[in-house]
Amino acid sequence: MVSVTRLMEKILFGVAKQWIAGDSINDALESAKFAYKNGRHAIVNKLGEYHTSKKPINQTIKEYKVIMSSFRKWKVRGAISVKPTQVGLSISKKECLKNFQNLIKSASLAHVFVWLDMESSEHTDETMGIYQDLFARYERLGICIQANLKRSENDLKDLLNYGAKIRLVKGAYKENSKIAFVSKDKVDKNYIYLMKLLFKEGNEFGIATHDSNMIKTAIRLSKKFHRRFEFQMLKGIRDELKPKLLKKGFGVSDYIPYGTNWLPYSIRRLKERKRNILLLGSSFLQSHRV
Ligand SMILES: Cc1cc2nc3c(=O)[nH]c(=O)nc-3n(C[C@H](O)[C@H](O)[C@H](O)COP(=O)(O)OP(=O)(O)OC[C@H]3O[C@@H](n4cnc5c(N)ncnc54)[C@H](O)[C@@H]3O)c2cc1C
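Below, the structure is given as structure tokens:
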């Protein structure tokens with residue numbers, strides 16, 4: 006008999022698979038190829054975070070290297086996006102920096118762009134420090150900034166001072182109200198404020214959101230400030246909007262996660278939207294009907 010936990014996991018996976026390429030590197034590359042055929046670029050992320058032992062860290066690095074060296078063979082224009090805690094930040098900043106340096110050597114050989122994902126606020130300082138060190142060695146490197154954090158205005162200004170490449174997001178981690186904006190209104194307001202700074206003073210950035218209001222504001226700003234930027238969205242979200250943006254001449258990238266460690270990522274996606282929870286509920290009811 007299948008246990009309740011197994012059943013719940015199966016149902017959750019049924020909902021989550023729209024956001025995830027599959028288990029393997031080939032699944033990720035297939036997904037990237039599909040995005041490319043549809044005019045979009047790919048940003049591939051291996052699922053898994055907070056690794057504290059060398060084995061999963063080394064495996065992660067190995068897989069990112071295979072992905073980067075495969076893009077050309079698969080005729081895909083792709084980047085990778087790496088969470089600092091999947092390559093050593095949960096051990097030490099030194100370990101993480103060493104592993105990123107190793108990764109960007111391969112990125113540079115394959116001419117691949119590397120994004121640093123931003124995790125919860127306890128890691129922001131170290132991630133900013135690692136980025137600054139790496140950016141001095143490799144320019145095709147970007148960092149994510151979260152509009153829900155009160156510190157992000159200062160961080161963004163610091164990054165813009167040295168020409169950093171930035172992906173702006175609202176922030177996926179639950180944070181304390183002392184350091185973060187918690188209401189959607191305030192996060193949205195700060196997102197627009199930071200986006201204006203990006204358009205005024207930045208170049209080559211990513212507007213990473215599915216929110217129509219943020220996207221409309223970016224389109225308006227792009228008419229005033231002629232900057233190189235692209236829209237970035239998660240695989241499987243707002244797929245109806247992506248071709249419309251391409252048709253208007255904007256670049257769009259799909260963020261494509263793959264791997265077996267899909268649960269924390271999927272829970273973050275579920276929490277973002279009430280309708281996704283309802284989808285989970287209806288899948289549960291359907292599974293009980295058969
Ligand atoms: C390319 C990319 C990279 C990211 N990298 C990071 C990172 O490194 N660190 C980090 O903290 N966060 C990251 N995020 C996540 C981000 O912080 C938000 O949690 C996520 O994008 C949802 O915020 P939103 O801007 O879409 O707006 P929201 O206010 O959450 O949503 C606005 C509207 O978008 C649509 N929508 C949003 N989410 C969903 C969904 N799951 N399913 C269906 N529709 C949805 C709905 O219509 C919703 O009303 C990333 C997001 C993207 C797109």
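Residue numbers (the numbering used here): 6 to 295.
The C-beta atom is built at its ideal place from N, Cα and C for all residues, glycine as well.
{"Check": "Please report the straight-line C-alpha distance between V295 and I16, rounded to a whole angstrom.", "Outcome": "Because V295 sits at a pLDDT of 39, beneath the cut-off of 50, its placement in the model cannot be relied upon, and the following sentence gives the value as read from the coordinates. Spanning the two alpha carbons is a distance of roughly 13 Å."}
{"Check": "Report the start-end ranges of each beta strand (DSSP E) in the region 129 to 211 that is 3 residues or longer and not cut off at the edges.", "Outcome": "146 to 151 and 170 to 174"}
{"Check": "Using the three-state DSSP reduction, which class does K253 fall into: helix, strand or coil?", "Outcome": "coil"}
{"Check": "For the structure I just gave you, are there three or more beta carbon pairs, one from the region 172 to 186 and one from the region 203 to 216, closer than 8 Å?", "Outcome": "yes"}
{"Check": "Suppose you measure from the CA of L154 to the CA of R45; what does that come to, to the nearest Å?", "Outcome": "29 Å"}
{"Check": "In terms of residue numbering, what span does the beta strand (DSSP E) encompassing F236 cover?", "Outcome": "F234 to L239"}
{"Check": "Have a look at the DSSP bridge pairing and note the partners of G259.", "Outcome": "Note that residue 259 corresponds to Asp in the displayed sequence, not to Gly. According to DSSP, which records beta bridges pairwise, D259 is partnered with A47 and M238."}
{"Check": "Answer yes or no: do A84 and I48 have a C-beta to C-beta separation smaller than 9 Å?", "Outcome": "yes"}
{"Check": "Answer with buried or exposed for T265, where buried requires no fewer than 16 other C-beta atoms within 10 angstroms of its C-beta.", "Outcome": "exposed"}
{"Check": "Between K228, I135, A115 and S126, which has its C-alpha nearest K78's C-alpha?", "Outcome": "A115"}
{"Check": "Closer than 8 Å by C-beta to S95: which residues in its own chain qualify, once you throw out the five before and the five after it? Chain order, please.", "Outcome": "Y55, H56 and T57"}
{"Check": "Per DSSP, what kind of secondary structure is L246 in: helix, strand or coil?", "Outcome": "coil"}
{"Check": "Check whether the Cβ atoms of I150 and L139 lie closer than 9 Å to each other.", "Outcome": "no"}
{"Check": "Give a yes or no on whether the C-beta atoms belonging to W24 and S271 are separated by under 9 Å.", "Outcome": "yes"}
{"Check": "Looking at the secondary structure, which residues open and close the alpha helix (DSSP H) in which L34 lies?", "Outcome": "I30 to K42"}
{"Check": "State yes or no: is the C-beta of E245 nearer than 8 Å to some heavy atom of ligand 1?", "Outcome": "no"}
{"Check": "Tell me whether the region 217 to 234 and the region 189 to 203 touch, counting them as touching only if at least three CB pairs, one residue from each stretch, are closer than 8 Å.", "Outcome": "yes"}
{"Check": "Which residue's Cα is closest to the Cα of A112: T90, G93 and R142?", "Outcome": "R142"}
{"Check": "Please classify N195 as buried or exposed, where buried requires at least 16 neighbouring CB atoms within 10 angstroms.", "Outcome": "buried"}
{"Check": "Checking 9 Å against the spacing of the C-beta atoms, do A33 and I72 come in under that value?", "Outcome": "yes"}
{"Check": "Using DSSP bridges, identify the partner residues of G83.", "Outcome": "A47"}
{"Check": "When you compare each of M133, N218, S36 and G19 to I261 by their alpha carbons, which one comes out closest?", "Outcome": "S36"}
{"Check": "Just to confirm the assignment, what range does the beta strand (DSSP E) spanning L121 have?", "Outcome": "F118 to L121"}
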